[in-house]
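Residue numbers (UniProt numbering), protein chains in the order written: chain A, 1 to 380; chain B, 1 to 257; chain C, 1 to 304.
C-beta: ideal position from N, C-alpha, C; glycine also.
Note that the coordinates shown come from a computational prediction; the quantities given were computed from them, not determined experimentally.
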Amino acid sequence: MPARKLIASSAIALVSIVLAAIIVVSEEQWVIAAALVGALALSFGIAKTSAGQDFAALLQNSGPWIALLIPAGTLAIGLAFHEEHFALMMLATVLIYSLACIGLNIQFGYAGVINFAGAAFFGVGGYTAAVLGNTGLPSLLILLAGGLVAAAIGCILILPVLRTKGHYAALITIAFVLLFRSFLEVNHTLGGPQGLRVEGATIAGQELFMGIEIGSFEASFYLNYVLLALVLLTIFFLLARFLEKSWIGINLDSVREDPIGAAVFGVNVAYWRIVSFVLGNVLIGIAGATFAMMQNFIAPSNFTFQQSLLMLAIIVLGGIGNLWAVIPAAILVVVVPEKLQAISEYRILVFAILVVLVLRFRPNGLFPRPMRHFRREVGQ
Amino acid sequence: MTKLFEAENVSVRFGGLQALDGLSLEVEEGTIIGLIGPNGSGKTTFFNTVTGLCRTVGGRVLIDGENITGLQPRHIYQRGVSRTFQRSRLCLSLSVFDNVVIGRQNSLDLTLFGNLFRRRRFVESVRENHEQVHALLSTFSEPLAARIFDPLHRLNMIDRRRIEVCRALIANPRLLLLDEPSAGMTPDETHEFMGDILKVRSDHPRMSIIIIEHEMDVIQRVADHVVVLNFGKKVAEGTFDAVVANPWVQEAYLGTS
Amino acid sequence: MAILLEYLFNGALLGVIYALVAVGFTLFFGVLDVIKFSHGDVLTLGAYSGLGAFIILQFLGLDIPFVGLVIVLAAAILVTGLAGIVIGQFFVVPMRGSPAFNILLMTLMIGTAIHESIRLFVPNGANPKAFPALLPRTPIDVGGAYLRLDSLLLLVLGIVVIVVTNWIVRHTKLGLAIRAVAQDGDTAQIMGIPFRRIVLATFALGSMLAGIAGVMNGIYYSEINFNVGVLLGVIGFSAAVVGGLGSIWGAIIGGFSFAALQTVWVLFFPELSGYRDVFAFATIIVLMTIWPTGIIAERYSERV
Numbered sequence: 001m002p003a004r005k006l007i008a009s010s011a012i013a014l015v016s017i018v019l020a021a022i023i024v025v026s027e028e029q030w031v032i033a034a035a036l037v038g039a040l041a042l043s044f045g046i047a048k049t050s051a052g053q054d055f056a057a058l059l060q061n062s063g064p065w066i067a068l069l070i071p072a073g074t075l076a077i078g079l080a081f082h083e084e085h086f087a088l089m090m091l092a093t094v095l096i097y098s099l100a101c102i103g104l105n106i107q108f109g110y111a112g113v114i115n116f117a118g119a120a121f122f123g124v125g126g127y128t129a130a131v132l133g134n135t136g137l138p139s140l141l142i143l144l145a146g147g148l149v150a151a152a153i154g155c156i157l158i159l160p161v162l163r164t165k166g167h168y169a170a171l172i173t174i175a176f177v178l179l180f181r182s183f184l185e186v187n188h189t190l191g192g193p194q195g196l197r198v199e200g201a202t203i204a205g206q207e208l209f210m211g212i213e214i215g216s217f218e219a220s221f222y223l224n225y226v227l228l229a230l231v232l233l234t235i236f237f238l239l240a241r242f243l244e245k246s247w248i249g250i251n252l253d254s255v256r257e258d259p260i261g262a263a264v265f266g267v268n269v270a271y272w273r274i275v276s277f278v279l280g281n282v283l284i285g286i287a288g289a290t291f292a293m294m295q296n297f298i299a300p301s302n303f304t305f306q307q308s309l310l311m312l313a314i315i316v317l318g319g320i321g322n323l324w325a326v327i328p329a330a331i332l333v334v335v336v337p338e339k340l341q342a343i344s345e346y347r348i349l350v351f352a353i354l355v356v357l358v359l360r361f362r363p364n365g366l367f368p369r370p371m372r373h374f375r376r377e378v379g380q
Numbered sequence: 001m002t003k004l005f006e007a008e009n010v011s012v013r014f015g016g017l018q019a020l021d022g023l024s025l026e027v028e029e030g031t032i033i034g035l036i037g038p039n040g041s042g043k044t045t046f047f048n049t050v051t052g053l054c055r056t057v058g059g060r061v062l063i064d065g066e067n068i069t070g071l072q073p074r075h076i077y078q079r080g081v082s083r084t085f086q087r088s089r090l091c092l093s094l095s096v097f098d099n100v101v102i103g104r105q106n107s108l109d110l111t112l113f114g115n116l117f118r119r120r121r122f123v124e125s126v127r128e129n130h131e132q133v134h135a136l137l138s139t140f141s142e143p144l145a146a147r148i149f150d151p152l153h154r155l156n157m158i159d160r161r162r163i164e165v166c167r168a169l170i171a172n173p174r175l176l177l178l179d180e181p182s183a184g185m186t187p188d189e190t191h192e193f194m195g196d197i198l199k200v201r202s203d204h205p206r207m208s209i210i211i212i213e214h215e216m217d218v219i220q221r222v223a224d225h226v227v228v229l230n231f232g233k234k235v236a237e238g239t240f241d242a243v244v245a246n247p248w249v250q251e252a253y254l255g256t257s
Numbered sequence: 001m002a003i004l005l006e007y008l009f010n011g012a013l014l015g016v017i018y019a020l021v022a023v024g025f026t027l028f029f030g031v032l033d034v035i036k037f038s039h040g041d042v043l044t045l046g047a048y049s050g051l052g053a054f055i056i057l058q059f060l061g062l063d064i065p066f067v068g069l070v071i072v073l074a075a076a077i078l079v080t081g082l083a084g085i086v087i088g089q090f091f092v093v094p095m096r097g098s099p100a101f102n103i104l105l106m107t108l109m110i111g112t113a114i115h116e117s118i119r120l121f122v123p124n125g126a127n128p129k130a131f132p133a134l135l136p137r138t139p140i141d142v143g144g145a146y147l148r149l150d151s152l153l154l155l156v157l158g159i160v161v162i163v164v165t166n167w168i169v170r171h172t173k174l175g176l177a178i179r180a181v182a183q184d185g186d187t188a189q190i191m192g193i194p195f196r197r198i199v200l201a202t203f204a205l206g207s208m209l210a211g212i213a214g215v216m217n218g219i220y221y222s223e224i225n226f227n228v229g230v231l232l233g234v235i236g237f238s239a240a241v242v243g244g245l246g247s248i249w250g251a252i253i254g255g256f257s258f259a260a261l262q263t264v265w266v267l268f269f270p271e272l273s274g275y276r277d278v279f280a281f282a283t284i285i286v287l288m289t290i291w292p293t294g295i296i297a298e299r300y301s302e303r304v
């Protein structure tokens, strides 16, 4: 890539990170509004200008090293504002929701398996963390367990989802997320409507609710969770990228686009639907467990159908199937309503309308998923 | 000559409609069968039955003596039957390469571990497959081969048909089913495409082909043997000249009696 | 015995409400092959419009039984019919070529926007609202069982509406056009049937049924809230699916079966009545697994 293009792309990346930092950190209403307008202009710039296209191509086609942009941006923001509790909590939440939405993208964006029960699997992860929190198991193991339990419970739905076609499968996941919430509300072993306390994470002997202190550097304990979520997101982001650019990725796409055509060419349609559903739920469950540990508390009201819709809003607004787009969209859906008082009350209404408009007029989202190709691999 | 494919008394029903009514058909290795008949006579249903998309209510389908009736489509594909569709079933948002390579299911590494963690080996296998797909595309059209990483929706009709045939050929099938390959093409494109089909035949002399076609000159040019269907039944069969001489076919097709 | 009769009666009333919602889903699916998931929230909209009309009537001093009911129903029907047309015209019809999931997700979001608007913009909208008793609540003694007169009238009303709907679809010119479009939209268009207008008329018709169901539901429970449509929508859709999307009688049977199952659950496990909704959703999942395309199979043809 010529130096000029590289400089332009770096500039876009830098501006993106700065805008993200402003939205996450600032408390001034007009500053946040201005940053949002800037972000909107930037997203149009990326879509319409050739420099923007180069940037998108760079994100899509570079080697795995490009994923370092995520830790670079996060660390820059996290370290610069290491004492700001609220900003860091927002940052960690963005990372956690991005992780969950990568899971949803594997299901819906790749294999076309729609999952309206995202919030339920997020909740399964959270409740797993709550129940296992007192057993003394290492936290990382509990996180993994959150993912596995979510996947296992998801398996109950595999048979109905596979046997039913199209719309009906969607109905089953909707029924499940409503069932999950009702069940938690009436079931007293899991705390009923009051919910459960969750033990915070302890990693390598360091309890994460204690902020890091090194000399004069004193950080909010939320920085610990930013780091934890960052590590998880970076790892799974890379794996999801590998998945997309693999033989499996091609199979999943063919299952989504035309299951009958795929079956005639030897693709095991049912198997790939199961694989994508299970993998997606693992990611969503891990994200839910991380979230629960950070919040120290979970209740059924966190895991409603509305939450599922907000998670889907993230992947639809960003661009279905585009992993990078998940991050700006998560900032938009998770952080902006917390910051902009003008819309905080109306957030669900606002995002519902936004999703309707995007589906109607720009169905590929703000940042459409680029087509997969192997030019770099075959040396073209 | 050895018998490659055999349909025995195949019957298919859609509700009250008898789509195939005791159809029998044999295909020898290395021959091209032309399947003709009016709209709704059961030609495409026959292909759908052979590839496992339609359930039979009677009869058997055999390939190399093995009964494949009732198997799932992907298992039938593994036994060397592949096809094209009348209305193209390519994935428009994917690249040419992805669309063709999907046909190589059986030789791709599809394990999670291999795909996620052995990336170097994956890149090697991409190169191998790229070479193969590129070579196959080149036998049809060099300019098309140069567009191997273009999105499919940018291709014109004839190139899409070629991709469909390439996808069907990439795994070296024993029986190739072509469903109205010339549909939607101009006469020139049809002519060019038939040249491609004949090339396929000379490159794969042992492969058998069944082709559904409305253009009689196409059938005349490529088919060794012609079968005529009407209302799900075989009404005539033989060489092109013999079938054309059949009074029923003359009436139905050529409008003379 | 008397208790049983009461259960049976309440189950029948629930069944009529579910069936009204399910018939709407069936009509939409028939003409456009789409699932319009905003249907449940259109129902909520209808109930709130009825409530609004009643408040105006009360203000004018015209809240007389029966007359009040007619005006409340008219308001609900008008608003839901309009909502159906607007959603169809501006969102569903233009999306015809898109993947089914996009339409599904979009209509879900439209529904969310509707009930969120109610929550936010109706004064005190987040809390349940008392729904007026538009019909006399006089208890009637039927063989020792006490049935409420209003419920009895609602049951009759619901059955009449269903019969009329069936008559419209079976015996009127509009119904003929609807059936033609449902059979094959493109051919119907060639035959000179104004496709878009018929689709919109169907959307209006189906949505009006939801409006009526919303008012009935309000009177029956004496209360409505902004979220009532989500549950009724899911149940109505499941009922339509179990009845084999596309058949009106299937939808009605589906609606009654759901009500029967729920009633039986409460009857046999009164101590677990808190789990009633859990059971309803579990039932949906199980039924859909056993009959993925409905008990009365959908005319299902894979277009190859």
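Item, Value
"Work out the CA separation of C:Gln262 and A:Pro370 for me, nearest whole Å.", "48 Å"
"In the structure shown, what three-state DSSP assignment does B:Val226 receive?", "strand"
"How many Å lie between A:Gly45 and A:Leu366 at the Cα?", "11 Å"
"When you compare the CB positions of A:Pro160 and C:Thr283, do they come within less than 8 Å of one another, or not?", "no"
"Take every Cβ of the segment 304 to 313 of chain A, pair it with every Cβ of the segment 110 to 123 of chain A, and state whether three or more of those distances are shorter than 8 Å.", "yes"
"Using a 10 Å radius around the Cβ and a threshold of 16 neighbouring Cβ atoms, would you call C:Glu271 buried or exposed?", "exposed"
"In the DSSP assignment, find the beta strand (DSSP E) that holds B:Ala19 and state where it starts and stops.", "17 to 28"
"Taking all protein chains shown into account, do 16 or more other C-beta atoms lie within 10 angstroms of the C-beta of A:Leu19, making it buried, or fewer, making it exposed?", "buried"
"Determine whether the Cβ of A:Arg360 lies closer than 8 Å to any Cβ atom of chain C.", "yes"
"Does the distance from the C-beta atom of A:Phe176 to that of A:Leu162 stay below 8 Å?", "no"
"Sort out for me which residues DSSP pairs B:Ser208 with in a bridge.", "B:Leu175"
"Given this structure, state the Cα-to-Cα distance separating C:Arg197 from C:Asp33, to the nearest angstrom.", "16 Å"
"In whole angstroms, what is the alpha-carbon distance linking C:Arg299 and C:Ile212?", "At C:Arg299, the pLDDT of 42 sits below 50, so the modelled position is not reliable and the matter cannot be decided from this model."
"Do B:Thr139 and B:Asp203 have their beta-carbon atoms positioned less than 8 Å apart in this structure?", "yes"
"Which class does B:Lys233 belong to by DSSP, given the choice of helix, strand or coil?", "strand"
"Whose C-alpha, out of B:Leu136, B:Gln78, B:Glu66, is nearest the C-alpha of B:Asn106?", "B:Gln78"
"How far does the alpha helix (DSSP H) with C:Phe237 in it extend, from its first residue to its last?", "228 to 242"
"Under 8 Å, CB to CB, which of the residues in the segment 262 to 283 of chain C have a partner in chain A?", "Gly274, Tyr275, Asp277, Val278, Phe281, Ala282"
"Please go through the segment 283 to 357 of chain A and give each complete alpha helix (DSSP H) segment of 4 or more residues, from N-terminal end onward.", "305 to 318, 326 to 330, 336 to 339, 341 to 344"
"If we require 4 or more residues per run, which alpha helix (DSSP H) segments fall completely within the segment 48 to 100 of chain C?", "67 to 87"
"Output needed for B:Ile63: all residues of its chain with C-beta closer than 6 Å, excluding positions within five of it in sequence on either side, in chain order.", "Phe5, Arg79"
"Any beta-carbon of chain A closer than 8 Å to the one on C:Glu302?", "Any reading at C:Glu302 must be qualified, since the residue scores a pLDDT of 36, below 50, and its modelled position is unreliable; the value itself is stated next. At least one chain A Cβ lies under 8 Å of C:Glu302."
"In angstroms, rounded to a whole number, what distance separates the CA positions of C:Asn227 and C:Leu287?", "24 Å"
"Could you check what DSSP says for A:Ser220 in three-state terms: helix, strand or coil?", "coil"
"Quick check on A:Glu84: buried or exposed, where buried means 16 or more other Cβ atoms within 10 Å of its Cβ?", "buried"
"Whole angstroms is fine: what's the gap from B:Ser257's alpha carbon to B:Leu25's?", "Residue placement at B:Ser257 is flagged as unreliable, the pLDDT there being 44, under the threshold of 50; the coordinate-derived value follows with that caveat. Cα-Cα distance, rounded: 27 Å."
"I'd like the list of long-range same chain contacts for A:Ala92, defined as Cβ closer than 7 Å, with 5 residues on each side in sequence excluded.", "Tyr222, Tyr225, Val226, Ala229, Met294"
"What does B:Gly103 touch in chain A if you count any residue whose Cβ is under 9 Å from its own?", "Phe265, Gly266"
"Tell me which same chain residues have a C-beta within less than 6 Å of the C-beta of B:Glu27, skipping the five on either side of it?", "Note on identity: in this sequence residue 27 of chain B is Val, with Glu being the wrong assignment. Correct list, in chain order: Leu4, Phe5, Ile33, Ser208."
"Rounded to the nearest angstrom, what separates B:Gly59 and C:Leu27 at their Cα positions?", "39 Å"
"Run through DSSP, which three-state label would A:Val380 get?", "Position check: residue 380 of chain A holds Gln in this sequence, whereas Val was assumed. If DSSP states are grouped into helix, strand and coil, A:Gln380 belongs with coil."
"Can we say the segment 168 to 188 of chain A touches the segment 310 to 329 of chain A, given the rule of at least three CB pairs closer than 8 Å?", "no"
"For the alpha helix (DSSP H) that C:Arg179 lies in, which residues bound it at each end?", "173 to 183"
"Using the C-alpha atoms, what's the distance from C:Ile35 back to C:Ala251?", "14 Å"
"Kindly confirm or deny that the segment 38 to 54 of chain C and the segment 227 to 245 of chain C touch, where touching means at least three C-beta pairs closer than 8 Å.", "yes"
"Excluding sequence positions up to five away, which residues of its chain have a Cβ less than 6 Å from the Cβ of C:Ser301?", "Residue confidence for C:Ser301 is low, a pLDDT of 36 falling below 50, so the modelled location carries little weight and cannot support an answer."
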